[in-house]
Amino acid sequence: MSQSDIKTIPNQRKHITVNGIVQGVGFRPYIYKLAKELKLNGFVSNSSSGVTIEIEGMEQAIKSFLNRLPIEAPPLSDISEIQSKDIQAQNSTSFIIQLSESDKAVQTLISPDVCICDDCLNELMDQSDRRFHYPFINCTNCGPRYTIIKSIPYDRPFTSMAKFKMCPDCQREYDDPANRRFHAQPNACPVCGPEVWYEYNTSAEIAAEDTDCFEQAAADLIKGNILAIKGLGGFHLAVDAANEMAVARLRDRKNREEKPLAIMVADVQTAEKLVHINSTEKKLLTSEQRPIVLLLKKKNLPVAENVAPDNKRLGVMLPYTPLHYVLFAYLKQRYTSGTDPIFIMTSANLSEEPIAVSNEDARARLSNIADAYLMHDRDIIIRADDSVVMEVNDQLVFFRRSRGYAPRPVFIKENGPSILAVGAELKNTICLLKSNRAFLSQHIGDLENLRANEFFESTIEHLQKIFEIKPEAIVHDLHPGYFSTQWAKEQQDIPIFAVQHHHAHLASVMAEWHLDEPVIGIILDGTGYGYDKTIWGGEILEGDYLNVKRLACFEPMPLAGGDAAINEPWRIATAYLYKNFSNEMPDLPFMNNRPVDIIKQMIDKNINC
Numbered sequence: 077m078s079q080s081d082i083k084t085i086p087n088q089r090k091h092i093t094v095n096g097i098v099q100g101v102g103f104r105p106y107i108y109k110l111a112k113e114l115k116l117n118g119f120v121s122n123s124s125s126g127v128t129i130e131i132e133g134m135e136q137a138i139k140s141f142l143n144r145l146p147i148e149a150p151p152l153s154d155i156s157e158i159q160s161k162d163i164q165a166q167n168s169t170s171f172i173i174q175l176s177e178s179d180k181a182v183q184t185l186i187s188p189d190v191c192i193c194d195d196c197l198n199e200l201m202d203q204s205d206r207r208f209h210y211p212f213i214n215c216t217n218c219g220p221r222y223t224i225i226k227s228i229p230y231d232r233p234f235t236s237m238a239k240f241k242m243c244p245d246c247q248r249e250y251d252d253p254a255n256r257r258f259h260a261q262p263n264a265c266p267v268c269g270p271e272v273w274y275e276y277n278t279s280a281e282i283a284a285e286d287t288d289c290f291e292q293a294a295a296d297l298i299k300g301n302i303l304a305i306k307g308l309g310g311f312h313l314a315v316d317a318a319n320e321m322a323v324a325r326l327r328d329r330k331n332r333e334e335k336p337l338a339i340m341v342a343d344v345q346t347a348e349k350l351v352h353i354n355s356t357e358k359k360l361l362t363s364e365q366r367p368i369v370l371l372l373k374k375k376n377l378p379v380a381e382n383v384a385p386d387n388k389r390l391g392v393m394l395p396y397t398p399l400h401y402v403l404f405a406y407l408k409q410r411y412t413s414g415t416d417p418i419f420i421m422t423s424a425n426l427s428e429e430p431i432a433v434s435n436e437d438a439r440a441r442l443s444n445i446a447d448a449y450l451m452h453d454r455d456i457i458i459r460a461d462d463s464v465v466m467e468v469n470d471q472l473v474f475f476r477r478s479r480g481y482a483p484r485p486v487f488i489k490e491n492g493p494s495i496l497a498v499g500a501e502l503k504n505t506i507c508l509l510k511s512n513r514a515f516l517s518q519h520i521g522d523l524e525n526l527r528a529n530e531f532f533e534s535t536i537e538h539l540q541k542i543f544e545i546k547p548e549a550i551v552h553d554l555h556p557g558y559f560s561t562q563w564a565k566e567q568q569d570i571p572i573f574a575v576q577h578h579h580a581h582l583a584s585v586m587a588e589w590h591l592d593e594p595v596i597g598i599i600l601d602g603t604g605y606g607y608d609k610t611i612w613g614g615e616i617l618e619g620d621y622l623n624v625k626r627l628a629c630f631e632p633m634p635l636a637g638g639d640a641a642i643n644e645p646w647r648i649a650t651a652y653l654y655k656n657f658s659n660e661m662p663d664l665p666f667m668n669n670r671p672v673d674i675i676k677q678m679i680d681k682n683i684n685c
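My numbering puts the first residue of the sequence shown at 77, with every later residue one more than the last.
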C-alpha cells in the first residue's frame, strides 16, 4: 500500500463509556496519556455514567486503545463495564480532557477513601519539598474520596474542597497531564489548602497552628492527656496505650467499661513486637484500605492490660492519613531509642453514639472526654468509622465494613429493581440495590439514640442522592420494635416487605458467595424476631432467597432482663445452666461477682423475662 493510499483511509471514531470506580482515581489522565501515545484525537470526561471517551484515528490505533484500556488502568480503578459504538468522524485535531458532563442515569461507582501513597509519603517527609509535613498532601492515587463527596460527578466543586481555591503552583500540577496530581480533585498545599490547629477544651482560643500543633499534641499525648483528632471520616480519641491510668480515664469518660480499644502504631515492625502477623494479615494491615486488623497478642507486650482486657486479640491499624504520619514523626522525636509510640485510636463519641465529624460537634459532645483537640477546616461530608477485619483461613472476615471499603458495591448475578434495605437495630448498615449492584453503606451503629437515628436517615438520603437511586420498595426486619422497621412503615406511597432476621443473614451469605441453589445455613449471630413472634437465636435454616424452613434451634430460654440479656450473654448462659442443672448447676468462672441468684429468681418468677 502506497503512502498516498494510507492518507485516503478515513479515520474512525468511537464513543466509549467506562463504568466502575473510575472517578477520582487518575482515570482521565490515564486515558489522556494513552490516547496521546497512540496519536488518537477526541476527548475524555467524567459523567454520571462513569467516564465518557470519544477517540478518532486509525483503525489499528483504536483497536490497540480498546485492548490496553482495561489492562493498564490505574491501580485504584475498578472497571465493571466497557461499552463502545461507532459514531461519525468529526475530524478532531487534538485530544482533550473536557469539563464533566451530567446526565440523569447515574451508573458510576465512587471510590472509597484511600490511604496515603508512597510517593506522597516520601514528599511529606522530604524537608526540601514544598509539602513537607503538610497534613493534607494527596494525589490521584491516594487521599479522601467518599467522605468529601457531596454529589457526582467527582469534581472539586462537588466536594468539601470547593472552598479552597488552588494556588498557581497547585493549579499547574492539576493542569499538567504528566503530573501525578493531574486532575487530583483534593489537590492542595500549605499556601492554598486546608489548615490545622490545636486548641484546649478549656478555651476556644487557638493554642497552636501549623506544625506547632503536632509538637504540642505529641507533648500532651506523652503526658497522658486524651486528644480528639479530626481524621478522614470523623474524630478519633487518642491516648497513650502504655499508660494504664490514661486508658482507664478514657474508658470512664467514654462510658466504655470493657470493650476492646484499637491501637495505632507507626509501622509493621512496631506491630510485630506486639502481635503475631502472618502474610495475609500483613497485606491487610498495609492495604490501601488500612482497616483495624484483629491480631493474636504476644506475651508481655508493652500495652496496658486494660486496652483489650481478657482478650487474646488486639485491634491494630497503621497510619493512613498524612496527618497521622506527621504526628508520629513528632512523637518519635520525644521517645528514647528502642521505645515506640503506641496509641489508642478509638471513635470519638460517647458509647453507642455516632462519631463526631464537625468541629462544632466535637467541641459540644467531647468536652467531657477530650483534654484537647487537633482540628482542621476540611469538612467531612459523610462520617465513616474505621473498618474492622480479621483473617480466618486466608479469608477476609468483616466485623465492620466502613472506611476504605464503603461505598464499593457487592455485585450480584442478576439485575433487579431498585430496593432500599434498612437493616436491623444493632450494628446497622443500610443497602441500596440498583441493577446488579448492592451499595452497602458505611457502619451506622446501634439505632438506640437520636443521633444514631439521624445518622441513619442522613446516610439513606446521601446514598440515594449520589447514586440517584429512587427505591421501588423498602425491606425491613421482621421485628416490629426496631427503629428501622418503624421508619420503613412511615414512608409513604412505597411497598414495604419484612424479612426475618436470620433469613436475611442466610441470604446475605448466599449473595456474597454468588450462590443460587438452596442451602443449609447455621446462623449463630444472636437474637432475631421469629415468625412465631418469639425471640429466635441459634438457628439451622434451609432455604434460598425467597423461602426458608427452620430445621433446628437452641431450646427457647427466658431472657432474664430482656434486652439486658442480649448485651450481657452471661445471663443467657446462666439460664441454660439453671434449666439443665437446677440448683446443682456448676460454679463457673464467668459467674464470679455476678448476681446469679437474682437471675434464678427472675426466671422462677418470670419477672422481666
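Built from N, CA and C at the ideal position, the CB exists for glycine as well. The model shown is predicted, which means the values in this text are computed figures rather than measured ones.
Beta-carbon proximity list for residue i, same chain, < 6 Å, skipping 5 on both sides
i                 : result
aspartate 416     : Thr346
asparagine 627    : It is leucine, not asparagine, that sits at residue 627 in the sequence shown. Answer for leucine 627: Ile616, Glu618, listed in chain order.
asparagine 87     : Glu132, Gly133, Ala165
glutamate 285     : Trp273
phenylalanine 666 : Trp646
Local Cβ density within 10 Å of residue i, reported as buried at 16 or more and exposed below that
i                 : result
alanine 460       : buried
methionine 321    : exposed
isoleucine 542    : buried
phenylalanine 657 : exposed
arginine 232      : buried
glutamate 436     : exposed
isoleucine 368    : buried
phenylalanine 240 : buried
arginine 206      : exposed
phenylalanine 630 : exposed
histidine 352     : exposed
proline 229       : buried
Helix, strand or coil at residue i [DSSP, three-state]
i              : result
asparagine 656 : helix
asparagine 435 : helix
glutamine 99   : coil
arginine 479   : coil
arginine 144   : helix
glutamate 333  : coil
isoleucine 572 : strand
methionine 242 : coil
cysteine 685   : coil
glutamate 285  : strand
valine 624     : strand
aspartate 179  : Residue confidence for aspartate 179 is low, a pLDDT of 49 falling below 50, so the modelled location carries little weight; the figure read from the coordinates is stated next. Coil at aspartate 179, not helix or strand.
tyrosine 276   : strand
Chain-order list of residues whose beta-carbon lies under 8 Å from that of residue i (same chain, five-residue window excluded)
i             : result
glutamine 471 : none
serine 204    : none
aspartate 179 : Low per-residue confidence applies at aspartate 179: pLDDT is 49, beneath 50, and the placement is therefore not dependable enough to give any value.
cysteine 289  : Val272, Trp273, Tyr274, Leu450
glutamate 467 : Asn354, Thr356, Glu357, Leu360, Val369, Val473
threonine 223 : Asp189, Leu308, Gly309, Ile456, Ile457, Ile458, Arg459, Ala460, Arg479
histidine 590 : Ile488, Lys489
9 Å Cβ cutoff met for residue i and residue j
i              : j              : result
glutamate 130  : arginine 89    : yes
isoleucine 431 : glycine 309    : yes
alanine 280    : arginine 439   : yes
threonine 650  : isoleucine 683 : no
valine 23      : valine 315     : No information on residue 23 is available, as it lies outside the stretch 77 to 685 that the chain covers here.
histidine 259  : lysine 161     : no
leucine 394    : valine 379     : no
Of the residues the options, the one placed nearest residue i, counting alpha carbons only
i              : options                        : result
aspartate 708  : Gly521, Leu622, Ser478         : A question about residue 708 goes unanswered here, because the residues of the chain that appear run from 77 up to 685.
lysine 335     : Gly557, Thr362, Glu271, Ser423 : Ser423
leucine 152    : Arg257, Val101, Val551         : Val101
leucine 653    : Ile642, Gly638, Asp639, Ile679 : Ile679
glutamine 518  : Asn491, Pro547, Ala482         : Ala482
isoleucine 406 : Thr287, Tyr108, His578         : Correcting the residue identity first, residue 406 is tyrosine in this sequence and not isoleucine. Closest by alpha carbon: Thr287.
proline 493    : Pro571, Cys265, Lys373         : Pro571
threonine 169  : Asn117, Lys655, Met586         : Asn117
isoleucine 420 : His538, Asp202, Ile298         : Ile298
leucine 508    : Asn95, Ile107, Leu185          : Leu185
Neighbourhood of residue i by C-beta, 7 Å cutoff - its chain only, sequence neighbours within 5 removed
i                 : result
lysine 112        : Phe171
arginine 513      : Pro485, Phe487
threonine 561     : His552, Asp553, His555
phenylalanine 559 : Glu501, Leu523, Asn529
Residue i Cβ short of 8 Å to the ligand MN heavy atom set
i           : result
proline 417 : As far as ligands go, the structure on display features none, and thus does not contain the ligand MN.
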